[in-house]
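Residue numbers (this note's numbering): 2 to 320.
As structure tokens, this is what we get:
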């Protein structure tokens, strides 16, 4: 009985000591939390005091430290000085903005170039891959012997052009003519047209060189009109040859248009040097190198008697 009472008293004593220790810990934690809160309050009060000390009202600000509302508060001194300083600041900001914009554009262009290079490299890679696949397929076909029994093996290549838009008979006839040294009619006619128009232009250009630049006298004007009429007649004949050529030429893109007569006459009158005959060095012949002026038959040219009597009168007047 005594042992049981002693054990219970020991347990009570230990429990009392545990309760006392727990109470002391809670008391200590409460004191620490109160001290921490008190420290934060003191710190907040000190910061408020500092802010109140640093705050300056307009009445307490020294005049030389005041900022003006005009010109965005830029500059100091008189209003004219502050305006000048404000303009300088604006110019500097604008220059900086332009520089940044150009740098951005330059960087954007560089990025575009890089993207283009990447795309081009990708295309090259794909094309190389396709070429490699094609080469492999060709090698496999060669190993299987697919190219051994081709038509035309061991024979020379046929370099003759074949137009699928003409019938086979016409193609064979043209081929036979070419092999025997003959040319198709439309080729010969095309050469005749080019040669005839060149000769007609050259003859009229020689007349223009002999008569000189306009305005002409009445006699020279009649000569010029006579040769222009001959030129018009030749060009009209050439245009009829063009009609025949267009009917027989087998290719649509080879057809020719008519020569404009009046446009050719104006060109020769203004730029006759381009149509004059040339020497061995490629320079146009001029003056006496072209020979005498072609004679015009009397029935084709009317004599301007008024001009004749005027010339006779001038001769006696100068004497």
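Beta carbons: idealized from backbone N, C-alpha and C, even for Gly.
Test item: CB-CB of residue 203 and residue 151 under 8 Å: no
Backbone CA spacing between residue 253 and residue 246 [nearest angstrom]: 11 Å
CB of residue 239 within 8 Å of CB of residue 188, strictly: no
C-beta atoms of residue 72 and residue 87 nearer than 8 Å: yes
Strand pairing of residue 279, partner residues [DSSP]: 285
Residue interval of the alpha helix (DSSP H) (run including residue 246): 219-249
Closest Cα partner of residue 165 within the set 272, 251, 74 and 260: 251
Close Cβ partners of residue 80 (< 8 Å) along its chain, the five nearest in sequence each way excluded: 71
For residue 82, three-class secondary structure by DSSP: helix
Sub-8 Å separation of residue 243 and residue 259 beta-carbons: yes
Where residue 258 falls: helix, strand or coil (DSSP): coil
Three-state secondary structure (DSSP) of residue 74: helix
Endpoints, alpha helix (DSSP H) assigned at residue 196: 186-212
Closest residue to residue 229 among 144, 266, 142 and 221 (Cα-Cα distance): 266
Where residue 183 falls: helix, strand or coil (DSSP): coil
Whole-angstrom C-beta distance between residue 75 and residue 85, which should lie under 8 Å: Rounded, the Cβ-Cβ distance is 10 Å, inconsistent with contact.
Nearest-angstrom Cβ-Cβ length linking residue 273 and residue 209, presumed shorter than 8 Å: 4 Å
Residue 192 to residue 134 span [Cα, whole Å]: 50 Å
Pairwise C-alpha distance: residue 123 and residue 136: 20 Å
Residue 175 beta carbon less than 8 Å from that of residue 185: yes
Closest Cα partner of residue 195 within the set 118, 119, 257 and 101: 257
Residue environment, residue 45, which counts as buried when at least 16 other CB atoms sit within 10 Å: exposed
Rounded Cβ spacing between residue 167 and residue 206 (contact assumed at less than 8 Å): Residue 167 to residue 206, Cβ: 39 Å. No contact.
Every unbroken alpha helix (DSSP H) inside the stretch 138-180 [4 residues or more]: 169-180
Residue 233 to residue 282 span [Cα, whole Å]: 31 Å
CA-to-CA distance, residue 221 to residue 299, given in whole angstroms: Low confidence applies here, because residue 299 scores a pLDDT of 48, under 50, leaving its location unreliable; read the following figure in that light. Approximately 14 Å, taken between the alpha carbons.
C-alpha gap between residue 158 and residue 132, whole angstroms: 25 Å
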